[in-house]
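According to numbering that gives the first Met the number 0, the sequence shown holds residues 0 to 341 in order.
Beta carbons: idealized from backbone N, C-alpha and C, even for Gly.
Some notes on the structure that comes next.
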Amino acid sequence: MGVWCPVLGSRDRLLLNLPCLSDPVRRSSLFLKLALVALHLFFIGFLLVCDDEFIEKTKLHPWYMSSYLFLFCVTLLQYFVTSGSSPGYVIDAMRDVDETNAMYRNAPTTTSFEGNNMLPEKSGSAVITMEGESASSGRRAPTYWGRMVLDLYPPGTSLRALTCGYCHVEQPPRAKHCHDCDRCVIQFDHHCVWLGTCVGKKNHCKFWWYICEESALCIWTLIMYIDYLSNVAKPWWKNAIIILLLVILVISLIFVLLLLLFHSYLILTNQSTYELVRRKRIPYMRNFPERVHPFSRGIKRNLYNVCCGNDSLDSLPTAYELEDRSRSSSYTCLDILKCRCC
Numbered sequence: 000m001g002v003w004c005p006v007l008g009s010r011d012r013l014l015l016n017l018p019c020l021s022d023p024v025r026r027s028s029l030f031l032k033l034a035l036v037a038l039h040l041f042f043i044g045f046l047l048v049c050d051d052e053f054i055e056k057t058k059l060h061p062w063y064m065s066s067y068l069f070l071f072c073v074t075l076l077q078y079f080v081t082s083g084s085s086p087g088y089v090i091d092a093m094r095d096v097d098e099t100n101a102m103y104r105n106a107p108t109t110t111s112f113e114g115n116n117m118l119p120e121k122s123g124s125a126v127i128t129m130e131g132e133s134a135s136s137g138r139r140a141p142t143y144w145g146r147m148v149l150d151l152y153p154p155g156t157s158l159r160a161l162t163c164g165y166c167h168v169e170q171p172p173r174a175k176h177c178h179d180c181d182r183c184v185i186q187f188d189h190h191c192v193w194l195g196t197c198v199g200k201k202n203h204c205k206f207w208w209y210i211c212e213e214s215a216l217c218i219w220t221l222i223m224y225i226d227y228l229s230n231v232a233k234p235w236w237k238n239a240i241i242i243l244l245l246v247i248l249v250i251s252l253i254f255v256l257l258l259l260l261f262h263s264y265l266i267l268t269n270q271s272t273y274e275l276v277r278r279k280r281i282p283y284m285r286n287f288p289e290r291v292h293p294f295s296r297g298i299k300r301n302l303y304n305v306c307c308g309n310d311s312l313d314s315l316p317t318a319y320e321l322e323d324r325s326r327s328s329s330y331t332c333l334d335i336l337k338c339r340c341c
């Protein structure tokens, strides 16, 4: 047993150092990005090696391969742009709002910075930090951001109930704390392990374009694989690796297409994955009827807000607005085609 102890210890250390998708601590964002790029290169590279006539086809139809390589590069570029984008963090929005409010106060103010706290100083008033603590009274007072967040909720809502227990910021409607990013995300959709970041209000459009381009790339690559297998003279069992890659490609295409359709539906109805899956567990969503999408403003308005980067925060609808949307939720197909629901 003592002989195997060093071997077992080395094995345990190796397993602990390997990346793991289910463990945020062991999950390596750089490793996943490199693996995804390597997977793309492997699928196209393996086909280039196996297809002896590929170079001749490229010479006869140079536009075909040039278009494919262009789509390939654009897809990878969109992937890195999306993975490096910010989903829109509550703490950043709070700082912007409080700094803007401090700049446009009526009385002259001087701003000083101590650590991460912004301290607006005004003659004859208490100094209030960003966290909303009053230096003169010792009691917690709502900041301008806190008052603005309260206005987005029904009257009587407690500010303490809206404060995140992890990063201690007031959450507007549709925001959620992400334990992987360790920050609250505005209009949180989900945390994508392959991107290494959350999908939220600011990068949902980028994410949709990425999966759209990925779907087109998968379809084109699948056509190239099928074209190769249809022209090869070898028996099918001698192309087992190509067939295996073809099966993996089909499964990946089905997954990406379903993801594209799902997020297209979410964008058109102004929903998020988190709200759709956890609807009954979210406090502000419990009282809404199942058929009503409380934050939807119509298809055209929803598309405009996502594509044009609207920075406004969504407020909870009133009872009158809910009743009006409940009446308008029973559109026919003809009404949708004529954009009456927009």
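Kindly indicate the opening and closing residues of the alpha helix (DSSP H) around T74.
-> One-based indexing of the sequence shown puts residue 74 at position 75. Taken as a continuous stretch (DSSP letters only), the alpha helix (DSSP H) holding T74 covers 61-82.
Which of the three DSSP states is assigned to R300 in this structure? As a first step, residue 300 is located in the sequence shown; it is residue number 301 there, counting from the start. DSSP places R300 in helix when its eight states are reduced to three.
Minimum C-alpha distance to H39 - residue among S214, R182, Y303, S314:
As a working mapping, residue 39 is identified with position 40 in the sequence shown. Looking at the Cα atoms, S214 is the closest of the given residues.
Roughly how many whole angstroms lie between the Cα atoms of K200 and V89?
-> Numbered from 1 along the sequence shown, position 201 holds the residue referred to as residue 200. Numbered from 1 along the sequence shown, position 90 holds the residue referred to as residue 89. K200 and V89: Cα-Cα distance of roughly 11 Å.
task = Check each candidate in W62, G83, Y143 and name the one with the smallest Cα separation from M93.
result = Translated into positions along the sequence shown, residue 93 becomes position 94. Of the listed residues, the one whose Cα sits closest to M93 is Y143.
Alpha carbon to alpha carbon, how far is C183 from V168? Give it in angstroms, no decimals. If you number the sequence shown from 1, residue 168 lands on position 169. If you number the sequence shown from 1, residue 183 lands on position 184. Rounded to the nearest angstrom, the two C-alpha atoms are 8 Å apart.
Around the Cβ of P86, are there at least 16 other Cβ atoms within 10 angstroms (buried) or fewer (exposed)? Within the sequence shown, numbered from 1, the residue matching residue 86 stands at position 87. Burial call: buried.
Check: Hey, L244 and F45 are a contact pair by Cβ (cut 8 Å); roughly how many whole angstroms apart?
Finding: Residue mapping note: residue 244 aligns to position 245 of the sequence shown, counting from 1. Residue mapping note: residue 45 aligns to position 46 of the sequence shown, counting from 1. L244 to F45, Cβ: 7 Å. Contact.
task = With a threshold of 16 other CB atoms inside 10 Å of the CB of L75, please say whether the residue is buried or exposed.
result = In the sequence shown, counting from the first residue as 1, residue 75 sits at position 76. With 16 or more other Cβ atoms within 10 Å, it is buried.
Helix, strand or coil, according to DSSP, for T272 in the structure here? As a working mapping, residue 272 is identified with position 273 in the sequence shown. T272 falls in the helix class under three-state DSSP.
Would you call the stretch 304-314 and the stretch 145-159 touching, i.e. three or more CB-CB distances under 8 Å? yes
**Item:** Rounded distance between the beta-carbons of I210 and L258, thought under 8 Å
**Value:** Within the sequence shown, residue 258 is the residue found at index 259, counting from 1. Within the sequence shown, residue 210 is the residue found at index 211, counting from 1. The pair is a contact, with the Cβ atoms about 5 Å apart (cut-off 8 Å).
Here's the rule: buried if 16 or more other CB atoms are within 10 angstroms of the residue's CB, otherwise exposed. What is K175?
Mapped onto the sequence shown, residue 175 falls at position 176. K175 should be labelled buried.
Excluding the five sequence neighbours on either side, which residues of its own chain have a C-beta within less than 7 Å of the C-beta of M223, listed in chain order? Locating residue 223 in the sequence shown gives position 224, counting from the first residue. For M223, where only same-chain residues beyond five positions count, the Cβ hits under 7 Å are L46.
* Asked: What do you get for I185, buried or exposed, if any count of 16 or more other CB atoms within 10 angstroms of its CB means buried?
  -> Here the question's residue 185 lines up with position 186 in the sequence shown. Buried: at least 16 other Cβ atoms inside 10 Å.
**Message:** Taking the alpha carbon of Y319 as the reference point, which residue from I242, S229, T220, V291 has its own alpha carbon closest?
**Reply:** Taking the sequence shown and counting its residues from 1, one reaches residue 319 at position 320. Minimum Cα distance to Y319 is reached at V291.
Task: Neighbourhood of Y273 by C-beta, 7 Å cutoff - its chain only, sequence neighbours within 5 removed - done: Along the sequence shown, one-based indexing puts residue 273 at 274. Same-chain partners within the cutoff: K175, F187, D188, H189.
Does the beta-carbon distance from C177 to Q170 come in below 8 Å?
For the purposes of this step, residue 177 is taken as the residue at position 178 of the sequence shown. For the purposes of this step, residue 170 is taken as the residue at position 171 of the sequence shown. It is not a contact, given that the beta carbons lie outside the stated cut-off.
The alpha helix (DSSP H) with T220 in it runs from where to where? Here residue 220 corresponds to residue number 221 of the sequence shown, with the count starting at 1. T220 -> alpha helix (DSSP H) spans 203-230.
Practice prompt. Quick one: give me the first and last residue of the alpha helix (DSSP H) that K32 is part of.
Written response: Translated into positions along the sequence shown, residue 32 becomes position 33. Counting along the chain, the alpha helix (DSSP H) containing K32 begins and ends at 28-49.
Which residues bound the beta strand (DSSP E) around T196?
Residue numbering aside, residue 196 sits at position 197 when the sequence shown is read from its first letter. Note, T196: beta strand (DSSP E), 196-198.
key: 4 or more residues per run - each alpha helix (DSSP H) lying fully within the stretch 139-202   = 143-150
#### Entry: Opposing strand residues paired with Y88 [DSSP bridges]
To locate residue 88, count along the sequence shown from 1; it is residue 89. According to DSSP, which records beta bridges pairwise, Y88 is partnered with V184.
**Request:** Determine, using beta carbons only, whether S84 and N202 come nearer to each other than 8 Å.
**Result:** As a working mapping, residue 84 is identified with position 85 in the sequence shown. As a working mapping, residue 202 is identified with position 203 in the sequence shown. Result yes, Cβ atoms of S84 and N202 sit closer than 8 Å.
Check your understanding: Going straight from the alpha carbon of L29 to that of V48, what length do you get?
Key -> Reading the sequence shown from its first residue, position 30 is the one you call residue 29. Reading the sequence shown from its first residue, position 49 is the one you call residue 48. L29 and V48: Cα-Cα distance of roughly 28 Å.
**Span separating the alpha-carbon of I54 from that of I242** = Here residue 54 corresponds to residue number 55 of the sequence shown, with the count starting at 1. Here residue 242 corresponds to residue number 243 of the sequence shown, with the count starting at 1. About 22 Å.
Problem - Whole-angstrom distance between W193 and L31, CA atom to CA atom - result: Mapped onto the sequence shown, residue 31 falls at position 32. Mapped onto the sequence shown, residue 193 falls at position 194. Taking the straight line from one Cα to the other gives about 6 Å.
query = What distance in whole Å lies between the Cβ atoms of N301 and L248, which are believed to be in contact at a cut-off of 8 Å?
reply = As a first step, residue 248 must be located in the sequence shown, where it is residue number 249. As a first step, residue 301 must be located in the sequence shown, where it is residue number 302. Not confirmed; about 33 Å, so no contact.
Margin query: Quick check: what's the CA-CA separation for C306 versus F79?
Written below: Within the sequence shown, residue 306 is the residue found at index 307, counting from 1. Within the sequence shown, residue 79 is the residue found at index 80, counting from 1. In a straight line, the C-alpha of C306 is about 19 Å away from that of F79.
*Please state whether DSSP places D313 in a helix, a strand or coil.*
As a first step, residue 313 is located in the sequence shown; it is residue number 314 there, counting from the start. In this structure, D313 counts as coil in the three-state DSSP scheme.
* **Three-way DSSP call (helix, strand, coil) for H262 in this model** => Against the sequence shown, residue 262 aligns to sequence position 263. Here H262 sits in helix by DSSP.
Which of the three DSSP states, helix, strand or coil, is assigned to I240?
Position 241 of the sequence shown, counted from the first residue, corresponds to residue 240. DSSP places I240 in helix when its eight states are reduced to three.
* Apart from the five residues on each side of it in sequence, which residues of its chain come closer than 8 Å, Cβ to Cβ, to E212? -> Within the sequence shown, the letter at position 213 stands for residue 212. Closer than 8 Å at the Cβ level, and outside the excluded window around E212, lie L70, V73, T74, Q77.
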